[in-house]
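S.K.: If you scroll down you'll find the structure; I have some questions about it.
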Amino acid sequence: MLEPEQIDSFLFSAKAHAKVNLHLGVGNSRADGFHELVSVFQSLDVHDTVTLSESEGAAPRGTHVRAINVSGPYAAGVPADQSNLAWRAVDAVATRLAEKFGPLELSVVELELHKEIPAAGGMAGGSADAAAALRLADSCFSRAYDIRSLGEDELFSLAADLGSDVPFTLLGGTALGTGRGEQLTPMLARGRYTWALITSKEGLSTPSVFQKLDELRSQGKGSSPSLDTTRVSQALISGDPERLAGELKNDLQAAALSLRPDLRKVLDVGQEAGALAGIVSGSGPTCAFLCPDKATAAEVVFQVTMAVPGTKGLISSSPGSGAHLI
Ligand code: C5P
């Protein structure tokens, strides 16, 4: 007879938290096309919710996923097919389990992505969904092998294969990222920080922003690589938002502004509305404003969205956590 837990079909959700780069130092481009990074990541409270359920139907050939359904305020433009990183994360777990323990007949699953994180905005929403999908698929498929999990090392190695930001969204909290951003060391951080995040209607392509920075640097225009994180680390230890505001740094900002000059106005208006500091988040176009409190963050959202057509705002705090089952 089957145990009850073997009869129950799997249906779990996981939170997938966004990130902000408090410091993004970009070094030279490498032979593999990636750039050496020195990044200080911090997770935000804002999160997508990813649900994985076992499905009765059949999946397309070569995959365990039957379908992805996308919902929520930032669903527009999110791919609902095999190009979605979360879909690939599920199959990556199945493949790694088969490589380690031998092939088994595994369930067909469906994914539901409830999007609260702006898409293509430099906040790692797609990466976070993939990290959550790794945890969910690990829990679901490991049951067939009578184990609890592939283990953290395997999950982090799969995360790095999926994308440079996926390992951090799996880990969460505050961490230093080196290599292409996937080699992580947790950092000490005190305090909580309040952010106003301003999103744009149109996304920015990450490769084109990195390429623009190379171009600017070849013309002697881009800033030289900011590889020293001592001051931002000290600010994080102090827990003082004003001190942290003085240390926010993004080497990609000049490139993002060169491709999207309209973001300059977003930064100026947000600053005038009372933010302690504003930066382009990651490769943009989302701009992140560190604020002294929630009321100021609300004022920043109000002023910027009034002044710049096509922008939307949300308020979040940090640090948040890594992708985890709920
Ligand atoms: O790793 P991920 O797929 O997120 O990277 C997307 C693109 O961003 C890469 O193809 C590359 O053009 C650029 N990138 C980079 N250096 C990094 C991370 C990303 O040049 N460290």
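First residue of the sequence shown? That's 57 in our numbering, and the numbers climb one at a time after it. Each residue gets a CB set at the ideal place from its N, CA and C atoms; glycine is no exception.
1. Which runs of the alpha helix (DSSP H) at least 4 residues long sit entirely within the region 57–144? Give them in chain order.
2. Does DSSP put V364 in a helix, in a strand, or in coil?
3. Determine the extent of the alpha helix (DSSP H) in which Q309 is found, giving its start and end residues.
4. Less than 7 Å separating the Cβ of G228 from some heavy atom of the ligand FMN?
5. Look at the Cβ atom of G181, then the Cβ atom of A252, and state whether they are nearer than 8 Å.
6. What residue from Q309, L192, T250 has the CA that sits closest to H380's CA?
7. Taking 8 Å as the cut-off, decide whether the C-beta atoms of K268 and A311 are in contact.
8. Tell me which same chain residues have a C-beta within less than 8 Å of the C-beta of A226, skipping the five on either side of it?
9. For a test of your reading of the model: does the CB of P263 fall under 7 Å from any non-hydrogen atom of the ligand C5P? Yes or no.
10. Mind checking which residues open and close the beta strand (DSSP E) that includes G334?
11. Any heavy atom of the ligand C5P closer than 7 Å to the Cβ of H91?
12. Measure the C-alpha to C-alpha separation of S109 and T286 and round it to an integer number of angstroms.
13. Along the chain, which unbroken stretches of the alpha helix (DSSP H) at least 4 residues long are found entirely within the region 260–295?
M.R.: With the structure as the only source:
1. 60–63
2. Mapped onto the sequence shown, residue 364 falls at position 308. If DSSP states are grouped into helix, strand and coil, V364 belongs with coil.
3. Your numbering for residue 309 matches position 253 in the sequence shown. Note, Q309: alpha helix (DSSP H), 309–315.
4. Looking for the ligand FMN in the displayed structure turns up nothing; the ligands present are the ligand C5P.
5. By 1-based counting over the sequence shown, the position of residue 181 is 125. By 1-based counting over the sequence shown, the position of residue 252 is 196. No.
6. Stepping through the sequence shown from its first residue, residue 380 is reached at position 324. Comparing Cα positions, the closest option is L192.
7. Start at 1 with the first residue of the sequence shown, and residue 268 comes out as number 212. Start at 1 with the first residue of the sequence shown, and residue 311 comes out as number 255. Yes.
8. Position 170 of the sequence shown, counting from 1, holds the residue named residue 226. The sequence given here places Leu at residue 226; Ala does not occur at that position. Excluding residues within five positions, the ones whose Cβ falls inside 8 Å are A187, L190, R191, L211, F212, A215, G378, A379.
9. The sequence position of residue 263 within the sequence shown is 207, counting from 1. Checking every heavy atom of the ligand C5P against the Cβ of P263, one is found closer than 7 Å.
10. Position 278 of the sequence shown, counted from the start, is the residue given in the question as residue 334. Note, G334: beta strand (DSSP E), 333–336.
11. Your numbering for residue 91 matches position 35 in the sequence shown. Yes - the ligand C5P has a heavy atom lying nearer than 7 Å to the Cβ of H91.
12. As a first step, residue 109 must be located in the sequence shown, where it is residue number 53. As a first step, residue 286 must be located in the sequence shown, where it is residue number 230. The straight-line gap from Cα to Cα measures roughly 44 Å.
13. Counting whole runs of 4 or more residues, the region 260–295 contains the alpha helix (DSSP H) stretches 262–274, 286–294.
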